[in-house]
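Report on the following structure.
In the numbering used here, the protein residues as written are 250 to 437.
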């Protein structure tokens, strides 16, 4: 998309990107877009669309207020690594609970014979054979998104869930409260 923008100066909207990416092949002749689940590929294109819209907004603002910027805004760059964050939304994964029978496990100095110690866990099923254990404190939460973030030699899963507003504690004006306002560019 960046190459097309630089060559033609024309921007592809999300629906146009979606249509084009379903036809573009890689060096092996496969369509990369179809190697991912549809929802994950669409989330990636939505993020690219959002980045380009932000670029155009900054570029337009730069024309009227150049003093706000250190330099002329540039279009989104390619990722330097091979891997990018993959975002699995609630339609691209399922949560499954299961009982695990440990074999000859030792807990607090006591060894349990095979099949005697049972524990329960919940896992997020992302792809066939790819499961990530859900932390115990999130078992009763409604998980909305699971971004997979590549690190140096590992991948990190982040669980984004929805809180019930009724569970929040109401503070009075006499309570001493501190908050952080996350601004667009820095902490305000």
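Cβ atoms here follow ideal geometry from the backbone N, Cα and C, with glycine treated the same way.
As the structure is a computational prediction, the values presented were derived from the model and not from experiment.
Assumed close pair residue i, residue j - CB separation to whole angstroms, cut-off 8 angstroms
| i | j | result |
| --- | --- | --- |
| residue 297 | residue 325 | 7 angstroms |
| residue 399 | residue 407 | Residue 399 to residue 407, Cβ: 12 angstroms. No contact. |
Rounded separation between residue i and residue j - CA only
| i | j | result |
| --- | --- | --- |
| residue 275 | residue 431 | 40 angstroms |
| residue 253 | residue 282 | 17 angstroms |
| residue 338 | residue 271 | 20 angstroms |
| residue 269 | residue 305 | 21 angstroms |
| residue 335 | residue 277 | 22 angstroms |
| residue 250 | residue 428 | 40 angstroms |
Whether residue i touches residue j by CB criterion (8 angstroms)
| i | j | result |
| --- | --- | --- |
| residue 418 | residue 394 | no |
| residue 381 | residue 375 | yes |
| residue 341 | residue 299 | no |
* With a cut-off of 8 angstroms, do at least 3 Cβ pairs link the segment 306-320 to the segment 369-380? -> In this structure the segment 306-320 does not touch the segment 369-380; the number of beta carbon pairs closer than 8 angstroms is below three.
* Completely contained beta strand (DSSP E) runs for the segment 370-436, where each covers 3 or more residues -> Runs found: 379-382, 391-399, 404-406 and 409-411.
* Are at least three pairs of beta-carbons, each pair with one atom in the segment 292-306 and one in the segment 262-271, less than 8 angstroms apart? -> yes
* Unbroken alpha helix (DSSP H) runs of length 4 or more, entirely within the segment 272-347: which are they? -> Listed in chain order, the complete alpha helix (DSSP H) runs (minimum 4 residues) inside the segment 272-347 are 281-284 and 287-313.
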